[in-house]
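**Student:** This is the structure, below, for whatever I ask next.
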Amino acid sequence: MLKQVLFSLIATFCFAIIFNIRGKKLFFTSIGGGISWLTYLLCINAGYSVSFSYFLSSIALTLFSEIFAKYLETPVTTILICGLIPLVPGGGIYYTMYNIIKEKPLAAFSKGIETFLISCSLAMGIVFVTSFIKILKDIHRKKIASRIISK
């Protein structure tokens with residue numbers, strides 16, 4: 001497990017370099033990739049389904065991205081996109097296309113559905129956290145505005 005997390009850190013680091021990320025941001029983006037894969041592995045080992053494990057790992061990554069984007073004064077997507085690299089279901093896409101070419105429609109359909117569910121789980125985790133944080137920010141702004149108006 002530790003080796004997989006280390007490799008996800010390295011892969012995220014390399015993709016962050018390709019995306020032209022420098023300095024402290026490079027370090028935190030790599031940590032985000034490691035956290036996302038570690039969360040996935042812990043969920044799988046705990047017996048959760050693959051889709052739910054991806055959902056929880058995208059929640060963990062998005063929370064990490066939101067917190068450290070504020071700290072680094074950078075857009076959330078800077079950390080989030082690179083941190084998603086270890087979670088992208090590239091193997092599923094490959095095997096879907098491979099089975100289509102080999103004329104195995106049932107295997108292609110099965111792998112395609114699995115890949116689609118993983119992608120949806122990742123997207124739902126991101127939307128869940130970003131929506132929740134937006135709601136919290138709106139509530140905070142309204143409280144501040146009501147204090148200013150009442151004075």
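UniProt numbering applies: residue 1 is where the sequence shown begins, and numbers increase by one. A virtual CB, placed ideally from N, CA and C, is assigned to each residue, including glycine.
Would you say the segment 62-70 touches the segment 111-124, given that touching needs at least three Cβ pairs under 8 Å?
**Tutor:** Not touching, per the Cβ criterion.
**Student:** In whole angstroms, what separates the C-alpha of GLN4 from that of THR96?
**Tutor:** Their Cα atoms are separated by approximately 24 Å.
**Student:** Within 10 angstroms of its Cβ, does TYR40 collect 16 or more other Cβ (buried), or is it exposed?
**Tutor:** Looking at its Cβ environment, which holds 16 or more other Cβ atoms inside 10 Å, TYR40 is buried.
**Student:** Using alpha carbons as the reference points, say which of LYS102, GLU103, PHE15 lies closest to GLY33.
**Tutor:** The shortest C-alpha separation from GLY33 is found at PHE15.
**Student:** Is the segment 37-52 in contact with the segment 105-112, if contact means three or more CB pairs nearer than 8 Å?
**Tutor:** Touching, no.
**Student:** Hey, could you find the ends of the alpha helix (DSSP H) GLU114 is sitting in?
**Tutor:** Residues 105-150.
**Student:** By alpha-carbon positions, which one of ILE149, SER51, LEU9 ends up nearest to PRO89?
**Tutor:** Selected option, being the one with the closest Cα: SER51.
**Student:** Looking only at its own chain, which residues have a Cβ that is under 7 Å from the Cβ of GLY91, when we skip the five neighbours before and after it?
**Tutor:** Answer for GLY91: no residue qualifies.
**Student:** What is the rounded straight-line gap between the Cα of SER30 and the Cα of LEU80?
**Tutor:** Their backbone Cα atoms lie some 10 Å apart in a straight line.
**Student:** For the segment 66-103, which segments carrying the alpha helix (DSSP H) assignment without a break, of at least 4 residues, lie completely within its bounds, in sequence order?
**Tutor:** The segment 66-103 contains these whole alpha helix (DSSP H) runs: 76-83, 90-101.
**Student:** Which stretch, first to last residue, makes up the alpha helix (DSSP H) that contains ILE31?
**Tutor:** Taken as a continuous stretch (DSSP letters only), the alpha helix (DSSP H) holding ILE31 covers 24-45.
**Student:** For PHE15, name the three-state secondary structure that DSSP assigns.
**Tutor:** It is helical.
**Student:** Would the beta-carbon of ILE85 fall within 8 Å of that of ALA145?
**Tutor:** Their beta carbons are not under 8 Å apart, which means ILE85 does not touch ALA145 by this criterion.
**Student:** Do LYS24 and LEU87 come within 8 Å of each other at the CB atom, strictly closer than that value?
**Tutor:** No. Outside cutoff.
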